[in-house]
Each structure stands twice: as C-alpha cells, then as structure tokens.
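J.: Take the sequence shown: its position 285, counting from 1, is numbered 285 in the numbering used here, and each next residue is one higher.
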Amino acid sequence: MLPYQPAPFPLARPRRLRSSPWVRRLVAETTLTPADLIWPLIVHDGAEDRVPVASMPAVFRLSPKAAATAAVEARDLGIPMVALFPNVDGAIKDAVGTGATDPDGLIPDCIKAIKDAAPEIGVMTDVALDCYTDHGHDGVMEGDRIANDASLDRLAEQAFIHAHAGADVVAPSDMMDGRIQAVREALEANGFQETLILSYAAKFASAFYGPYRDAVGSSAMLKGDKKTYQMDYANSDEALKEVAMDLSEGADAVMVKPGMPYLDIVRRVAETFRVPTFAYQVSGEYSMMQASIANGWLDQDRAILETLHGFKRAGCAGVLTYFAPQAARLLG
Ligand code: PBG
1 MLPYQPAPFP LARPRRLRSS PWVRRLVAET TLTPADLIWP LIVHDGAEDR VPVASMPAVF
61 RLSPKAAATA AVEARDLGIP MVALFPNVDG AIKDAVGTGA TDPDGLIPDC IKAIKDAAPE
121 IGVMTDVALD CYTDHGHDGV MEGDRIANDA SLDRLAEQAF IHAHAGADVV APSDMMDGRI
181 QAVREALEAN GFQETLILSY AAKFASAFYG PYRDAVGSSA MLKGDKKTYQ MDYANSDEAL
241 KEVAMDLSEG ADAVMVKPGM PYLDIVRRVA ETFRVPTFAY QVSGEYSMMQ ASIANGWLDQ
301 DRAILETLHG FKRAGCAGVL TYFAPQAARL LG
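(1) Residues in its own chain within less than 8 Å of Val-170 by CB, not counting five upstream and five downstream?
(2) Can you tell me the Cα-Cα spacing of Asp-116 and Met-81, whole angstroms?
(3) Less than 6 Å separating the Cβ of Ala-117 from some heavy atom of the ligand PBG?
(4) Output the distance between the C-alpha atoms of Pro-261 and Ala-28, rounded to the nearest integer angstrom.
(5) Give me the residue from Ala-253, Met-175, Ala-156, Tyr-200 with the minimum Cα distance to Ala-189.
(6) Buried or exposed: where does Gly-105 fall if 16 or more other Cβ atoms within 10 Å of its Cβ makes it buried?
(7) Let me make sure I understand the geometry here. Which of Ser-206, Asp-36, Val-88, Ala-95 has the alpha-carbon closest to that of Asp-109?
(8) At which residues does the beta strand (DSSP E) containing Thr-277 begin and terminate?
(9) Just to confirm before moving on: does the CB-CB distance between Ser-63 and Asp-214 stay below 7 Å?
(10) If you reduce the DSSP assignment to three classes, tell me which class Phe-60 lands in.
(11) Along the chain, where does the alpha helix (DSSP H) that runs through Gly-310 open and close?
(12) What does a CB cutoff of less than 6 Å around Ala-279 pick up in its chain, not counting 5 residues either side in sequence?
(13) Return yes when the Cβ of Phe-204 is within less than 7 Å of the Cβ of Gln-230, no when it is not.
(14) Just list the residues that DSSP pairs Gly-122 with in beta bridges.
(15) Hey, quick one: how far does the beta strand (DSSP E) through Lys-257 stretch, first residue to last?
(16) Indicate whether Tyr-132 and Ala-100 have their beta-carbon atoms separated by less than 7 Å.
(17) Should Tyr-4 go down as buried or exposed, given a rule of 16 or more other Cβ atoms within 10 Å for buried?
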C-alpha cells in the first residue's frame, strides 16, 4: 500500500447555497420579471391583420388593430411598454423619408389604436428614417454621403409627430451626431416636455439586424452599410462617450444594441452613469435562438430566461426582446 494522505474536507462550500430551490431563490442576486420587458412590435400598413415574417419565426407584421390587440395582451402579461417599428408599403419612399413625418401615417395610427385599447401601457417609437427612405439609411443623403446636419430636423420633426400622436417615449436609433439635442429641443418647443427620450446611444453596426431589415422591408432598399454612423464593434470607450453626450443633450435613458454580444458595454454604461440602461436583444439574436429551438438543439423556455437574465445581471433596467410575451408567460 502506498502511504496515501486523505484529502482535506472543504470548509467553504458554495454548494450549500445551491442545495434547494428555496435557498437559490433566497440568495439570487438579480431578478427578472415581466416589468423588465419591452416588446418590439413590427407594424404594417397592409390589408391583413397578421402576416408572418419569414426571417423571424413567430413574429408577425401587425395592422394597427392587431397592434392594439397585442398591446392589450402585453398589458395583461404585466409588460410595461411596447415599441413600434414600421413596415410601410403604402407610403412613397424617397430620399428624405417624407413618410416619416406624415401625421396620418402608420405609426401615428398605431399609437392611437394602442392608446384607445390599452391606455395603461407605455408606447415607444423608433426615430429614424430608414423605413421611409429609398436608400434605406437612417438619415438623409446628399450624393453618396449620409448628411448629418440635414438629417437632424427630419428626425426632430418625426419625434414631434410621434409625441403629438401620443407616444410616451421616443427612441432615436439613427446615430446622427446631435440628434438627441435636436429632438429634445423640438419636444420642448412644441409642448412635449414630458415625453421621454430613450436614446439608442451605443448602437453598433451589426450583422444581427439582418432579419429585422427583412421584416420592415429596408434590406432590399439599403445601399451600402451603416458603418459611417453606427459604431464599430471594436470599440468600448467610444460607447461611454456616446452615452455621456446623449445624457447631456437630454436623454432620460439609454440603450445598448445589439444585446448578447455587447453585455460588456451594458456593464460599463450602467456602472459609469447610473442611469436606466436598456439593451436590445435584436432580431438576429432572436432568430438565431429560434433556429436552434426549431431544430431541438436548445430548450426554448430555459434559453429565453437564461439570456434575458443575463441582461439583468449585466446591469440592465430592462430588455427589448421579441420573446417578451413568452418570457412574461413563463415568469407570470
Ligand atoms: C433602424 C433600426 C434597426 C433596428 C431597430 N431600428 C436596424 C438598423 O439599424 O438597420 C434593429 C432591430 C432588430 O434587429 O431587431 N434604425
């Protein structure tokens, strides 16, 4: 026999705190509830109430009436806010995105339908021109360049149109310099002091927007890419600069986008600024998970809750996710 010394007992045993469901619940450092969720709705001006989006399983393009029904569902599930994204077929797409500032357009129609059906729920809108332009960019173009300053007034007017129709939160997602100030000044000057601005402050040029661009019909239009205005994914300090600027220009809350590959940015922003920080689990993240779920490679319910909990752990106040209703049902 070899002279074997028995291994010592561990004194510190972290597993004690994991030994049963009740103790795991008791010591959980973060929580996820339906109140952490924002449900993005793709809306359209087509005749049908619900049209499936090919690139996003279980997501539908909704008519204003169907969007109102979804908002009622969201409210009943305890989801505080829906976010609207337009697919306009009826509006003419032009270089300056004229349809974006139509007071009788799709987004104003949807806001009003939702406010009639579920006045208790928050309505957030996307401020950007891409769904209304013939070039698919978020600002206006001069020649082959996205013209920053010429875009600001278009974006500010779009935000005003949304606020006037009853939007509670306008969310500029265009990444032009100075847009938060332009939007804030337009809101102040026109009597909308109380409208919130949730800025897409750190929005990265990302492959993960692909399915969304199909859903809203901007991918066929898009000329080139968005790298001259959306951030380079190599950067992190720059995200802090963008957030600092947007806060100083009057943003109430900020967003990091995409979500899962950018949780390091969420953490830095939340810790540095201590303001409500949101993240967007974008279409590509959603469809990537749905594809695995459809193949039986991922367990739907567990994967949804685990990814959404990750956002909370990173420091998010809330998450925009196409899984919002499923998640709220699981949590309810
Ligand atoms: C447009 C906008 C985009 C998304 C939200 N608003 C796409 C883009 O910038 O090209 C992406 C949403 C998603 O992928 O789920 N300004």
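Here a beta-carbon is modelled for each residue, glycine too, at the ideal position from N, C-alpha and C. Source: prediction; values computed, not measured.
T.: Based on what the coordinates show:
(1) Met-124, Thr-125, Val-127, Ala-159, His-162, Ala-163, Val-183, Leu-187, Thr-195, Leu-196, Ile-197, Leu-198
(2) 15 Å
(3) no
(4) 24 Å
(5) With distances taken between Cα atoms, Ala-189 lies closest to Ala-156.
(6) buried
(7) Put simply, of Ser-206, Asp-36, Val-88, Ala-95 the residue whose alpha carbon is nearest the alpha carbon of Asp-109 is Val-88.
(8) That run of the beta strand (DSSP E) goes 277-281.
(9) Cβ distance not < 7 Å, so Ser-63 and Asp-214 don't count as in contact.
(10) Correct three-state label for Phe-60: strand.
(11) 300-314
(12) Val-256, Gly-259, Val-266, Phe-311, Cys-316, Val-319
(13) yes
(14) Met-81
(15) 253-257
(16) yes
(17) Answer is exposed; the Cβ neighbour count stays below 16.
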